[in-house]
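Only one structure is covered here, and it is reproduced in the block below.
Protein chains: 4
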Amino acid sequence: MNLIARRNNEQETTTVRVGDVIIGGPQLVVIAGPCAIESYEQLLSTALEVQRLGATMLRGGAYKPRTSPYSFRGKGETGLEILSQIKALTGLPVVTEVMDARDIERVADVADMFQIGSRNMQNYTLLTEVGKTKRPVLLKRGLAATIEEWIYAAEYILSEGNDQVVLCERGIRTFGTYTRNTVDITAIPALKELTHLPVFLDPSHGTGRWSLVSPVALAGIAAGADGLMIEVHPQPDLALSDGEQSLNFEHFAQLMERVGPVANAVGREII
Amino acid sequence: MNLIARRNNEQETTTVRVGDVIIGGPQLVVIAGPCAIESYEQLLSTALEVQRLGATMLRGGAYKPRTSPYSFRGKGETGLEILSQIKALTGLPVVTEVMDARDIERVADVADMFQIGSRNMQNYTLLTEVGKTKRPVLLKRGLAATIEEWIYAAEYILSEGNDQVVLCERGIRTFGTYTRNTVDITAIPALKELTHLPVFLDPSHGTGRWSLVSPVALAGIAAGADGLMIEVHPQPDLALSDGEQSLNFEHFAQLMERVGPVANAVGREII
Amino acid sequence: MNLIARRNNEQETTTVRVGDVIIGGPQLVVIAGPCAIESYEQLLSTALEVQRLGATMLRGGAYKPRTSPYSFRGKGETGLEILSQIKALTGLPVVTEVMDARDIERVADVADMFQIGSRNMQNYTLLTEVGKTKRPVLLKRGLAATIEEWIYAAEYILSEGNDQVVLCERGIRTFGTYTRNTVDITAIPALKELTHLPVFLDPSHGTGRWSLVSPVALAGIAAGADGLMIEVHPQPDLALSDGEQSLNFEHFAQLMERVGPVANAVGREII
Amino acid sequence: MNLIARRNNEQETTTVRVGDVIIGGPQLVVIAGPCAIESYEQLLSTALEVQRLGATMLRGGAYKPRTSPYSFRGKGETGLEILSQIKALTGLPVVTEVMDARDIERVADVADMFQIGSRNMQNYTLLTEVGKTKRPVLLKRGLAATIEEWIYAAEYILSEGNDQVVLCERGIRTFGTYTRNTVDITAIPALKELTHLPVFLDPSHGTGRWSLVSPVALAGIAAGADGLMIEVHPQPDLALSDGEQSLNFEHFAQLMERVGPVANAVGREII
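Printed below as a string of structure tokens:
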């Protein structure tokens, strides 16, 4: 079938614009920030630091899908308000997850880009509704989604008329237990062959261990990713979620120093 | 954590009532019917035949989650209306999938039991909303959900005050390619140990091949399942979805003949 | 390709004879015994008890493949000698694992049936050499072997002229963590369709938890297995390997009581 | 347990010497050559070309483990003889697979390094015997082996006194079907943390598609691999095995041009 997502001969990668940031062009894009928005101070300090170090977009979750109903599920509207304030202060475009089609308008007041999380990759209601908005979408891969199913999920958005879709590899579920998930690095060049959509890598969820984030991030760049999404927290030990996979400021600085040379080695740039 | 779903010492299996049907008691329950409602005639002929052969509940999809946005996605409201008519005619309680929280009321007008499909096992919006309804829920296992994640998904429903939840094993995704999914038969006794909720098996999706449905259905009964959900179609070759895993009337009759003795062998009954 | 292993139309299941025991006929065969032979007393008490309760073959490992080189790797030749003595005393035919082609003769002095373990399912040297012996072989499925690869592994043996091969499902490796492996119950009827070889189930390795062994064993019978291989130990808590998945005598007795009715329900018998 | 394989604080990576080639030092090592040795001409032309382009070791299979007993299983001793001649002509050290402990001496006459294939990662006989030889060993990861099991497999070799072990990631088996296997890129930095052994990547088996080999190879370098093993064939379309994942000379040349800059970007060199 001739999907909208398919790359035809010679077709260039689609560029997705999020504020002033262009995803899919020669410049790599680094999105950084905490897993969950915990407080104004936490998000502000993180935003300023990642911006100083070269990140050009901010991430931060207000609505958090959690395995247990009794876990911290994000600060919701309060979180969105904090995100709005930090965005105004720093000028960083922001991406945040939307889990419920009924929240789309509210989230759209703040978010420059919607994130669709792994658990919702086949939530067709949500895909269809964000498809109608024309707002850029970061579509994470489902935990056990094949490449084909993932492309079809993107097609749900594209077929509603929204062509601003970025695919984000974040690890799949395998028999492995040492890491939280198994990063499918080959998905990056595979998607580049099969589709014209930009492709991101999230090595934080992909590995689940902060010490492995940097080498896997570099691998993603070398494999052709258009950008990275990295979890950064001022004090990972105290994070309300995903602390063990979050970089502190020092480690994020080290990563950013190493990203540039690898980007250049594969013909890309970074600010 | 002391989950509502957990079985405490000596606690009996919760019984879930769907119309006159009791799930979780000594009698096994067989739910049968087509994957998708295609027409009044298709659903009527199937319903009459499966009822005659011992099924006590009818299944039939009006809203179908499909990998591709271009596949047949069910007849929607027209399908619900057909379902309503056949239910009135036969007296069979019906179960049908709800995919979108905004459809709950409409589906609830017809459905005696909501089905939450695999793709939506962690659609927390949907779980929460069906939790508020108090209507029985058949919660299918996610494609790559662990036992623990599945129990937590049930907990999302239970914690809203709805205790009428049935867990339905339908196969998980593994490296295997001969069958559509890999039936995790051990999940049945494992869930029986861990929770007090009734457990069903769907060998149709579990195997994806009609010739394997009957032996796996019998295995489920032997392993302690409280019931079966079986796809039946008057002419599987012509089915709009899942034809290759649907039993025709003759094969369903053969299955029903074989279910009784196995049920008795493990101390259960079937009508 | 026309494999020797393939079932042609109407072809009957091959019967494999191990001493007086016939595998693949109307009577189900239960092989029981400890994971590893630990002492004369341990094996003798287990053999007498399982024989009394209806097992017609004895298992016991002398050479044990272990993940770590520093784990207990079996008693080797001493173990074989004990096995030989208990076999003489009880008259039970015995099956034991051979891991090394150079041990085949030595093992053949005692074993009525060779076991090829999961790790060696594609050890082609070993398959070829046991193929040359004409001695019955119990071929366990590799941890991540597809149905097709497993049949080809059998073909390595069959193509050497040894037609006495029994396939033994013992669980595959998946993302699941609650059980040691995931029993692929559907493999049983699938192999019955595809091949004419008898099929066994080992629910002990398949589940890794003794409390789940019995329901899964019954499921295997209902699905059409020709027999079971069950780990039994006089004192599972003290076992040198696999204690957590071994049945004690009382639980094995309970299993044997439950096997008969299920066997009868699917048209099979048990002694 | 204090394994020999474990990296202690500050411990440097072990260097493995294969002829004049040093694996585990600052210089990356590229091993290239055909999957199977098919003829003198095929191996010679490949060896000369890969040598010219910067490979410093030659691979080529004489004994091929094949899923089906009826597939081409390598040229055996004839293959070894060809390998010996090409080695003499080019001066390239060679690595070739040993599948059977009884072949070790014969293979050792030619091979500078033994390869243990995925299917034999837990063939403890073979591991123990190559451990006794003190010859360098390239130990490929089993198809479904955890990181821990793989390290233990290395320990079987190390504990026999052979400390010349290189671990080679070659993809694991997952639910994915687009690629032959799923390259576990994170295994590279994980093994670097956990062990002091050099780590290689085989992107040919890892991906199964030649067009994906180069980007994944670069990813491996960026992630910290000490070298690459690449399948190269003069005419992949005519290869007797693995043609679809073999690079032709032109594509191998392109890869080698791209490897240098990425190596430099992560502080490594390549000849």
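Residue numbers (the numbering used here), protein chains in the order written: chain U, 57 to 327; chain H, 57 to 327; chain A, 57 to 327; chain L, 57 to 327.
A virtual CB, placed ideally from N, CA and C, is assigned to each residue, including glycine.
In the DSSP assignment, find the unbroken beta strand (DSSP E) run with residue i in it and report its ends.
i	result
residue 332/L	Here chain L covers residues 57 to 327 and nothing more, so residue 332/L does not appear.
residue 194/L	193 to 196
residue 72/U	72 to 74
residue 223/A	221 to 225
DSSP has residue i in a bridge; who is on the other side?
i	result
residue 150/A	114/A
residue 217/A	In DSSP, residue 217/A forms no bridge with anything.
residue 256/H	224/H and 283/H
residue 62/A	251/A
residue 240/A	240/H
residue 325/H	83/H
residue 166/L	In the DSSP output, where bridge partners are listed per residue, residue 166/L has none listed.
Run through chain H and tell me which residues come within less than 8 Å of residue i, C-beta to C-beta.
i	result
residue 229/U	200
For residue i, go through chain U and note every residue whose CB falls closer than 8 Å to its CB, in chain order.
i	result
residue 317/L	320, 321 and 322
Taking a contact to mean a Cβ-Cβ separation below 8 Å, would you say residue i touches residue j in this structure?
i	j	result
residue 275/H	residue 275/A	yes
residue 257/U	residue 273/U	yes
residue 195/A	residue 223/A	yes
residue 225/A	residue 243/A	yes
residue 239/A	residue 262/A	yes
residue 123/H	residue 205/U	yes
residue 158/H	residue 177/H	no
residue 136/A	residue 99/A	no
residue 110/L	residue 286/L	no
residue 175/H	residue 125/H	no
residue 75/L	residue 114/L	no
residue 235/U	residue 207/U	no
residue 103/H	residue 142/H	yes
residue 231/A	residue 62/U	no
residue 241/A	residue 203/H	no
residue 325/H	residue 84/H	yes
Residues of chain H with CB under 7 Å from residue i, in chain order?
i	result
residue 89/A	Here the premise fails: no neighbours, minimum Cβ distance about 22 Å.
residue 181/U	155 and 156
residue 263/A	242
Specify the secondary structure class of residue i as computed by DSSP and reduced to three states.
i	result
residue 134/H	helix
residue 200/L	coil
residue 251/L	strand
residue 183/H	helix
residue 344/L	Within the shown structure, residues of chain L are numbered from 57 to 327, placing residue 344/L beyond reach of any answer.
residue 83/L	strand
residue 105/L	helix
residue 89/U	strand
residue 205/A	helix
residue 189/A	helix
Residue i touches chain L at which residues, Cβ-Cβ below 8 Å?
i	result
residue 113/A	What residue 113/A touches in chain L: nothing, since even the nearest Cβ is about 26 Å away.
residue 267/U	245 and 249
Name, please, each residue of chain A whose Cβ falls closer than 7 Å to the Cβ of residue i.
i	result
residue 178/L	121 and 175
residue 280/H	271
residue 303/H	In chain order: nothing, as chain A lies at least about 14 Å away.
residue 105/H	Within chain A, no residue comes near residue 105/H; the closest Cβ sits about 24 Å away, beyond 7 Å.
residue 215/L	125
Under 9 Å between beta-carbons, which chain U residues line up against residue i? List them in chain order, please.
i	result
residue 203/L	232, 233, 234 and 235
What are the start and end residues of the alpha helix (DSSP H) that includes residue i?
i	result
residue 78/L	Run containing residue 78/L: none in the alpha helix (DSSP H); it sits in the beta strand (DSSP E), 77 to 79.
residue 274/U	266 to 278
residue 319/H	305 to 321
Under 9 Å between beta-carbons, which chain L residues line up against residue i? List them in chain order, please.
i	result
residue 311/U	Here the premise fails: no neighbours, minimum Cβ distance about 12 Å.
Please compile the residues from chain L whose C-beta is within a distance smaller than 7 Å of the C-beta of residue i.
i	result
residue 241/U	239, 241, 272 and 275
Under 9 Å between beta-carbons, which chain A residues line up against residue i? List them in chain order, please.
i	result
residue 211/L	124, 125 and 126
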